[in-house]
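Position 73, counted from 1, in the sequence shown is what the working numbering calls 123; the numbers after and before it change by one each time, with no gaps. Reviewing the structure listed below.
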Amino acid sequence: MRIQWSLILALIFALITAVFAVINVNPVQVNLLFGAVSLPLILLILGCTLLGGIIVGSFGIYRGYRLQREVKGLQAKLVHIQEATGYIFPEPEKAEKGKKAAGKSEKSAGKAEPSAEDLSSSDH
């Protein structure tokens with residue numbers, strides 16, 4: 051649902067930017083470090099919007115990459131801890147075809163997860 055709202059907001063922003071850019075078609079002078087150039091304002095608005103989108107997208111990609119690296123590191127740490135303690139996580143039961151994901155199977159309905167006391171007492 052969050053992705054849908056993000057897409058809707060992005061489309062609304064794009065529409066507002068496009069309307070704003072089409073209204074402003076007069077040429078403007080842009081002063082750069084090495085000189086000045088005259089551009090239609092529509093190109094300047096759309097170019098700056100595109101550049102901003104690229105910058106935001108780059109930060110998003112970097113954040114995703116950094117989080118993936120962190121997850122890999124934590125998974126390696128988890129494997130190391132599992133090997134050191136000998137603890138094996140129970141595998142989650144796979145839902146059979148035709149059953150709803152929200153429903154629980156009869157086997158898992160009565161089982162409770164082990165508490166911290168159970169885990170500490172099994173080490174002794």
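Just so it is clear, CB atoms sit at the ideal spot from N, CA and C, and this is done for glycine as well.
Flag this pair as yes or no: are the beta carbons of residue i and residue j separated by less than 9 Å?
i, j, result
"L57", "A71", "no"
"L94", "V106", "no"
"L96", "T135", "no"
Assuming the contact rule is C-beta atoms closer than 8 Å, residue i and residue j should be a hit. Round their C-beta distance to whole Å, please.
i, j, result
"V80", "V69", "Not quite, the Cβ-Cβ distance comes to about 22 Å (not below 8 Å), so this is no contact."
Using C-beta distances below 8 Å, list every residue in its chain close to residue i, excluding the 5 sequence neighbours before and after it, in chain order.
i, result
"Q132", "I138 and F139"
"V59", "According to the sequence shown, residue 59 is Leu rather than Val. There are no such residues."
"L100", "none"
"K127", "none"
Report all residues from its chain with a CB closer than 6 Å to the CB of residue i; omit the five preceding and five following residues, and keep chain order.
i, result
"N76", "L91"
Among the residues of its own chain, which have a CB less than 7 Å from the CB of residue i, if the five just before and after it don't count?
i, result
"L89", "P77, V78 and V80"
"Q125", "none"
"F63", "none"
"C98", "none"
"Y115", "none"
As an exercise, report each continuous alpha helix (DSSP H) stretch of at least 4 residues that is fully enclosed by the segment 53-139, in chain order. 91-135
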